[in-house]
Structure formats: C-alpha cells, structure tokens
Amino acid sequence: MSRRRNRSNSVAVPPKSVQPHQGQQLQQIEHHVRKIHQGPLPAPEDLQRYNDLLPGAAERIIKMAEAEQMHRHEQESRAMGAEVVVRETFQVTERERIAGVMSSDKRGQYLGAAVSVLAIVGAIYLAKDQPIVAGALLGLPVLGIVKALRNGTTQHPTDKQAKKPSE
0 MSRRRNRSNS
10 VAVPPKSVQP
20 HQGQQLQQIE
30 HHVRKIHQGP
40 LPAPEDLQRY
50 NDLLPGAAER
60 IIKMAEAEQM
70 HRHEQESRAM
80 GAEVVVRETF
90 QVTERERIAG
100 VMSSDKRGQY
110 LGAAVSVLAI
120 VGAIYLAKDQ
130 PIVAGALLGL
140 PVLGIVKALR
150 NGTTQHPTDK
160 QAKKPSE
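Here the sequence shown stands for residues 0 to 166, where the numbers follow numbering that gives the first Met the number 0.
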C-alpha cells in the first residue's frame, strides 16, 4: 500500500483597494485557491523549492521514493511467495491425512472381515454340539453388518461439521 500525502494550500488574495463611486456600495470579493496533490513524491513546485534550498535535494527525494517502492515490491513478492508455500504445505499435509484415514479404514475392513469369517466358521463348527453358542457366534458378524449398513446411510459427526457452511 502506498503512502499518500495530501497537501492543501489555501491562499487568500487580498482585495484591491477600490473607492466606490457616488451611490455605489463597496463589495469585497475574496478568491481562494486550493491545490491538492497526492502521491509518493511532493508536488513539482515543492520539489523545486527543495532544490532551491538545497541543490540536489529533489534528486535525493526521487531516489528515496524509488528505493521505497522497490522495497515495497520486494516485500509483497516475499509475502506472496510465503503464502504459496503455506498453501502447498497444507495441501501435502491434507493429502497425507486422507491417505492415512483411507489406510486405517481399509485395515479396519480387513480385520472386520477376518473376525466375521472366524465367527461364521466357529458357529458352523459348534452348530452340532452347542447351538446356543453357535447362534451367538453367528450373531456377531450379522450385527456388525447391520451396524455397518446403518452407519453407511448416516453421516459421521465430523462429516456433518465439515459440510456446515462457515459463518
């Protein structure tokens, strides 16, 4: 953001000395001039006055403004570069997090399938001698499947928070 200087010079011009003619009234008229200048450098008239007071001052002021502008551009470039790095780092971190969640989900599915298969095999083995225990073992995978189907239709609490529009 550049610095701007507002310069407002109001100059009153003194009225001319006028003598009214007979039967006339004297009117006083004032004329005000206002100059406004904005920018990183002083107005050209001011630069000229600086140069009159100190030869070479105008050149020094211009060089100073150029150096300030160059510095500001460098700072803005650095800030934009840093923002790009932060966003790229965030994207990499988010990808790694998603990959970890997917890996964890797969592992859970494999372990759940293994437990279900073992429970079904155990239920078949025990079906002849102990039907109550076999029913309990068979109920375990069935309840797991029912729960998975029920949770699959409803959203996870963290998913609900993520899909809420931010205020």
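All residues carry an ideal CB built from backbone N, CA and C; glycine is no exception.
Flag this pair as yes or no: are the beta carbons of residue i and residue j separated by less than 9 Å?
i: L148; j: A118; result: no
i: L125; j: A113; result: no
i: L46; j: I28; result: no
i: P41; j: E67; result: no
Between the alpha carbons of residue i and residue j, how many angstroms are there, rounded?
i: D104; j: R86; result: 27 Å
i: M69; j: T88; result: 29 Å
i: R94; j: S102; result: 12 Å
i: A57; j: H36; result: 16 Å
i: H30; j: Q21; result: 26 Å
i: G55; j: Y49; result: 8 Å
i: V145; j: L139; result: 10 Å
i: I131; j: I123; result: 12 Å
i: R106; j: I97; result: 14 Å
i: G99; j: V91; result: 12 Å
i: S76; j: V84; result: 12 Å
i: S115; j: E82; result: 49 Å
i: A78; j: D51; result: 40 Å
i: Q108; j: A135; result: 21 Å
If residue i sits next to residue j, beta carbons under 8 Å apart, how far is it from one beta carbon to the other, in whole angstroms?
i: G121; j: G143; result: Going by Cβ atoms, the distance from G121 to G143 rounds to 14 Å, so no, they are not a contact pair.
Where does residue i sit, in a helix, a strand or coil, going by DSSP?
i: K34; result: strand
i: Q27; result: coil
i: D128; result: coil
i: A42; result: coil
i: G80; result: helix
i: L142; result: helix
i: Q21; result: coil
i: G99; result: helix
i: L53; result: coil
Can you find a heavy atom of the ligand ZN that lies under 8 Å from the Cβ of residue i?
i: V32; result: Summarising the ligand content, the structure contains no ligands, and the ligand ZN is consequently not present.
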